[in-house]
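Residue numbers (the numbering used here), protein chains in the order written: chain A, 1 to 91; chain B, 92 to 570; chain C, 571 to 950.
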C-alpha cells in the first residue's frame with residue numbers, strides 16, 4: 001500500500017505538508033517558496049502543480065497574498081534534446 | 092497519414108511482448124495490455140502511470156530503445172521497440188525501493204535529514220546519489236541532426252480549431268503562412284472528442300478544417316513540430332521531428348490551447364487516476380478501455396459526455412461526484428442529479444497499492460468507500476502560457492478557475508506588438524468563439540502587413556464584430 | 571525595520587549572509603541585512619554550485635581552500651544539508667599550450683597545499699568514461715573540489731543569523747547612503763532610513779551602483795552568464811568537467827541533473843534573459859565532449875551575472891576615504907565558493923578595525939596603484 005500522502009508536485013514528490021511547512025517557516029513569496037519546497041523545479045517546470053500551490057498559499061492564513069504571484073517562465077517550454085540543439089545549419 | 096489504418100505492431104516491455112495498434116502511443120498500448128505502473132517517483136518511489144495524456148507530466152517517463160526519460164504517452168509505437176521502466180529495482184511494477192514511501196510515512200525533509208552528525212554525511216551522500224536520477228545515460232551516441240531556418244510572414248503555433256482557422260484567415264487575406272503543430276495530425280483537443288457523444292462541441296468541424304488547410308495555397312503545414320522557445324531577436328525555436336528549426340516571422344499567432352488543473356488529494360497520484368484529457372485520449376484516439384469501473388469527478392456538463400463515452404468503451408460508472416467549481420481544496424459535490432451520484436460529499440482520498448482500488452468520500456460523519464479501478468477528474472482548463480510569457484506578453488486573471496490568460500485587444504493582439512493569442516488559450520469558450528477568434532486574429536495579422544486599405548479594415552472590423560456578437564449572445568440569457 | 575543598527579549589509583546573497591553570520595560569531599548581532607528582492611533571487615541562487623581550489627594566485631587558493639573546509643563542516647554546524655559532493659574538478663587541455671598552463675597552475679596550487687594532479691588521457695578516461703577523448707592532451711584534477719546546492723547554504727546562514735537576532739529584510743531596496751562629517755552614517759531604503767556605523771556593499775552586480783551612492787568608484791561591470799539544467803539521469807559523472815578555451819563547465823547534481831554553462835562574449839548588462847545562441851553553443855560543446863548526451867534533454871535554462879573587476883579578483887575590504895564603508899564584491903563569477911572565508915575576514919576587519927593580511931591583495935586601492943596579476947582561470 002502506498003502511504004496516504006497528498007502529492008502536490010509529482011515531478012519532485014513534494015507533498016502538501018512540505019509546502020505548508022515551508023510557508024510556516026516564512027517562505028511566503030512564490031519564488032522563495034518554490035526554492036525551499038522544491039515544487040516546480042522538475043521536468044514539468046510547474047505545469048502540474050502551480051495552481052494547486054497558489055490555491056494552498058491563498059488558503060493559508062499566515063501567508064496572505066504571495067508577494068510575487070507568478071513564477072518566472074524559462075525556456076524551453078518542453079524539454080529538448082541536446083543533440084537537436086547541437087544541430088548545425090547546412091551551408 | 093492520419094485516418095489510414097496501420098498494421099498491428101509488436102514491441103517489448105521488459106521481457107513481455109506487447110501487441111499494439113499501429114496508431115498507438117507506447118503508453119496507450121501498455122495501458123491496454125493492463126500495464127498501469129509505468130514509472131516510480133523520484134523520492135518515495137511511488138507508482139505512477141498515465142495521468143495527463145498530453146506529455147506534460149512525468150508519470151509515463153520510460154526508457155525506449157536506450158533513450159531515457161521518454162514521454163511514452165507522446166511516443167508512437169514501432170515494431171521491435173524495447174521499452175523499460177526507470178529508476179526501479181527489480182522492475183517498475185514491483186520496485187523494492189517502494190519501501191522508502193513507507194519508511195518516510197510522514198515525508199522526508201532532505202534539508203535536515205541526517206545533517207548531523209558529520210560522520211554520517213559521506214554515507215548519506217553516497218546513498219542519495221545512488222538513488223538519484225531517472226533514466227540512464229544512453230550507451231551509444233547518435234548522428235547529430237541538421238538544423239534549419241524558415242521564414243514566413245505569419246506563423247501560427249498550434250493546429251487546434253483556433254490555430255487552423257487563424258492560419259486559413261491569414262492565408263485568405265494574402266499572407267504567406269506557416270502552421271506549426273506538435274502532433275502528427277491537426278485538430279488539437281478536437282481529436283479527443285467523440286463524434287457521437289460530444290455533439291455541439293465542434294468535433295464536426297475537424298473534417299472541414301483538415302480539408303481547408305490542405306487546400307489553402309499560401310498555407311504551409313508543419314506537423315510533428317514543437318515550439319519550445321520564443322527568443323527575442325532570435326525567433327521561435329522549434330523541434331521538428333528531432334531537428335532544430337529556427338522560425339522567423341513578421342506576425343505571430345499562438346494557439347497553444349489549455350492544460351487541465353491538477354487536484355491534489357491523498358493518494359491522488361496512484362496509477363488509474365487520470366485527468367479527463369487522458370481518459371479521452373485513451374478512448375477516442377487509441378480505442379483503449381481505460382478501466383472496468385470508473386468514478387468520475389467534475390462539473391456536470393463534462394461528466395455527462397465523459398460517462399457516455401466511457402460506457403461506450405465498456406466501462407461501468409460506479410459513482411460520480413459532481414463538483415461544479417472543482418479546484419484544489421474544493422472537492423465537495425452539490426446535488427447529484429443522476430443515479431450513482433454522491434451529493435454533498437467531499438473527496439477524502441484514494442486507496443490502492445500499485446493502482447487505484449477505491450475512492451473515499453465523506454459527508455458529515457459518514458465515510459463511503461467506492462471500489463473502482465479508474466478515477467477520472469475533470470480539472471479546470473488553464474491557458475498554456477509558456478510561450479506568451481517568454482515573449483513578454485502581459486497576462487490577466489481569467490474568469491473562474493481558468494488561471495490566467497494573455498491580455499488581448501479586440502483583434503486578439505497581445506501586449507507584444509505583432510503577437511496574437513487565439514482559441515482557448517485566449518480565454519475563448521465554445522467552438523464558435525474559438526473559431527471566430529482565429530478568423531479575427533488571422534485577418535488582422537495579415538492585414539497589418541499591408542498598407543491600410545478600406546477592404547482590409549472592413550474585413551477585420553467584421554471579424555471583430557462577429558466575435559463580439561457571439562460573445563454577447565453567450566453572456567445574455569436566452570429569451 | 572528598526573531605526574538604527576551597528577552594521578547594515580546591502581545584499582542578502584551568500585556574501586552578505588556569510589559576513590552577517592561571522593559577525594554574530596564574534597558577538598556582533600545588531601545587524602540588518604537588506605535585500606531588494608526575494609532571498610536567493612540574485613547570483614547566489616543562480617550559480618551552478620561549483621566549489622574549487624584550483625586558482626592561479628596564492629591568496630585565491632587560500633580563500634578557496636579555507637572555504638572548502640568550511641563547506642565540509644557546514645551541514646553539521648548550521649544544520650542544513652548542502653550536499654557538498656567532493657567529486658573533483660577536471661580541467662581539460664586540448665593543446666600543448668593549454669597543458670603547459672595547467673601544469674604551471676597545478677604546481678602553484680601544490681605549493682600552497684592543494685594537491686592538484688596532472689592526468690594523462692588514459693587516467694582521464696578512467697575518471698570520466700563518458701568523455702569522448704578526441705583531442706584531449708591532458709587534464710588537471712583536484713579531487714577535493716566539488717559541487718554543492720547553493721540554496722541551503724543561504725537558508726543555513728539565514729536561520730543562524732535570525733536566531734542571533736539579525737534582521738534580514740527582503741523586498742527592501744537601498745536608495746541612498748548617508749554620510750556625516752565624512753563618515754558613513756546610514757542608508758536610505760524603500761522602507762525608510764536606517765542609521766548604521768558600518769555599511770557593507772555586498773550587492774553583487776549592483777555593487778558599483780551602490781558604491782556610487784557613497785561617492786565611491788568601484789570599477790566592476792555586470793556581465794550576463796547563462797546556464798542550463800538537463801533532466802535527471804542516473805549518476806555517471808563524478809567531477810565537474812571544464813575546458814579552458816570557452817569556459818565550458820558541466821557537472822551532475824545530487825538529483826542527477828547535468829548543470830553547466832559556457833562563456834558567450836557580450837557587452838556589460840544586467841540582463842538575465844535566456845538566449846537560443848547559448849543553448850546551441852552549449853549543446854554543441856557538450857555533445858562534442860560527451861557524444862552519448864545527444865538524447866538527453868534540457869529542461870530549463872536561466873542566467874545570472876558576474877560582477878567583473880578589471881583583474882577578475884574580488885574587491886574586499888574598507889575604503890579609507892569613506893570610513894564605515896566596506897566592500898565585498900567584484901567576485902567575477904566565483905563569489906559563492908569563497909564566501910565562508912570572505913565572511914570571516916570581513917567580519918574580522920569590521921570587528922577589530924584591522925585588515926587581515928589575506929585581505930590586503932583584494933583592496934580597492936590596487937586599481938589606483940600598483941598593478942596586480944589577473945586571475946585567468948575564470949569559467950562559465
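Here a beta-carbon is modelled for each residue, glycine too, at the ideal position from N, C-alpha and C.
Using only the alpha-carbon positions, how far apart do residue 192 of chain B and residue 37 of chain A sit? Put simply, the backbone Cα of residue 192 of chain B is about 18 angstroms away from that of residue 37 of chain A.
Per-residue DSSP class, three states only, for residue 815 of chain C: coil
Every unbroken alpha helix (DSSP H) within the segment 761-849 of chain C, with a cutoff of 4 residues, ordered by chain: 777-783
Identify, in the order they occur along the chain, each residue of the same chain with its Cβ nearer than 8 angstroms to the Cβ of residue 632 of chain C, setting aside the five sequence neighbours on each side. 682, 911, 928
Can you tell me which residues form a DSSP beta bridge with residue 472 of chain B? B:351
Close-in-space but distant-in-sequence residues of the same chain around residue 105 of chain B (CB under 7 angstroms, 5 per side omitted): 175, 182
Counting along the chain, where does the beta strand (DSSP E) carrying residue 239 of chain B start and finish? 238-248
Which residues of chain A have a Cβ atom closer than 7 angstroms to the Cβ of residue 872 of chain C, listed in chain order? 74
One or two residues paired with residue 138 of chain B in a DSSP bridge: B:131
From which residue to which residue does the beta strand (DSSP E) around residue 318 of chain B run? 316-322
Partner residues on chain C for residue 223 of chain B, Cβ-Cβ distance less than 7 angstroms: 802, 805, 824, 825, 826
State the Cα-Cα distance for the pair residue 638 of chain C and residue 143 of chain B, rounded to the nearest angstrom. 44 angstroms
To the nearest whole angstrom, what separates the beta carbons of residue 945 of chain C and residue 630 of chain C, a pair I think is in contact under 8 angstroms? 6 angstroms
So is residue 237 of chain B in contact with chain A if we call contact Cβ pairs under 8 angstroms? yes
Considering only their Cβ atoms, is the gap separating residue 375 of chain B from residue 283 of chain B smaller than 8 angstroms? yes
Please determine if the segment 739-753 of chain C and the segment 686-698 of chain C are in contact, where contact requires at least 3 C-beta pairs separated by less than 8 angstroms. no
In terms of alpha-carbon separation, which member of C:818, C:759, C:922, C:792 lies closest to residue 563 of chain C? Because chain C in this structure spans residues 571 to 950, residue 563 of chain C falls outside the shown range and cannot be described.
Thinking residue 653 of chain C and residue 718 of chain C are a contact (beta carbons under 8 angstroms), I'd like their distance in whole angstroms, please. 6 angstroms
Do we get a CB-CB distance below 8 angstroms when we pair residue 173 of chain B with the residues of chain C? no
Is residue 93 of chain B close to chain A? Criterion is C-beta to C-beta, closer than 8 angstroms. Residue placement at residue 93 of chain B is poorly supported in this model, since its pLDDT is 49, which falls under 50; the coordinates are not used for a value here.
May I have the straight-line CA-CA distance separating residue 393 of chain B from residue 469 of chain B, to the nearest angstrom? 7 angstroms
Output yes if chain A places a C-beta closer than 8 angstroms to the C-beta of residue 791 of chain C; else output no. no
Could you work out which residues of chain C lie near residue 80 of chain A, taking near to mean beta carbons separated by less than 7 angstroms? 867, 868
Alpha carbon to alpha carbon, how far is residue 521 of chain B from residue 256 of chain B? 14 angstroms
Leaving out five residues before and five after residue 669 of chain C in sequence, what residues of the same chain have Cβ atoms less than 7 angstroms from its Cβ? 663, 707, 708
Please report the Cβ distance between residue 4 of chain A and residue 357 of chain B, rounded to the nearest whole angstrom; I am assuming they are in contact, meaning their Cβ atoms lie under 8 angstroms. 4 angstroms
Does residue 416 of chain B come within less than 8 angstroms of chain A when only Cβ atoms are used? no
Out of curiosity, what's the CA-to-CA distance linking residue 349 of chain B and residue 34 of chain A? 23 angstroms
Listing by chain order, which chain B residues have their CB less than 9 angstroms from the CB of residue 60 of chain A? Ordered by position in chain B, no residue passes the 9 angstroms Cβ test against residue 60 of chain A, which lies about 10 angstroms from the chain.
Using a Cβ-Cβ distance cut-off of 8 angstroms, determine whether residue 498 of chain B contacts chain A. no
For residue 531 of chain B, which three-state DSSP category applies? Per DSSP, reduced to three states, the secondary structure at residue 531 of chain B is helical.
Neighbour list for residue 204 of chain B in chain C, Cβ cutoff strictly below 8 angstroms: 651
Residues near residue 301 of chain B in its chain [Cβ-Cβ closer than 7 angstroms; skip 5 each side]: 277
Of all the CB atoms in chain A, is at least one closer than 8 angstroms to the CB of residue 454 of chain B? By this cut-off, residue 454 of chain B is not an interface position.
So what's residue 994 of chain C in DSSP terms, helix, strand or just coil? Summary: the structure shown does not reach residue 994 of chain C, with chain C confined to residues 571 through 950, and so no result is reported for it.
8 angstroms Cβ cut-off: residues of chain B touching residue 32 of chain A: By Cβ distance, chain B contributes nothing, its closest Cβ being about 14 angstroms from residue 32 of chain A, past 8 angstroms.
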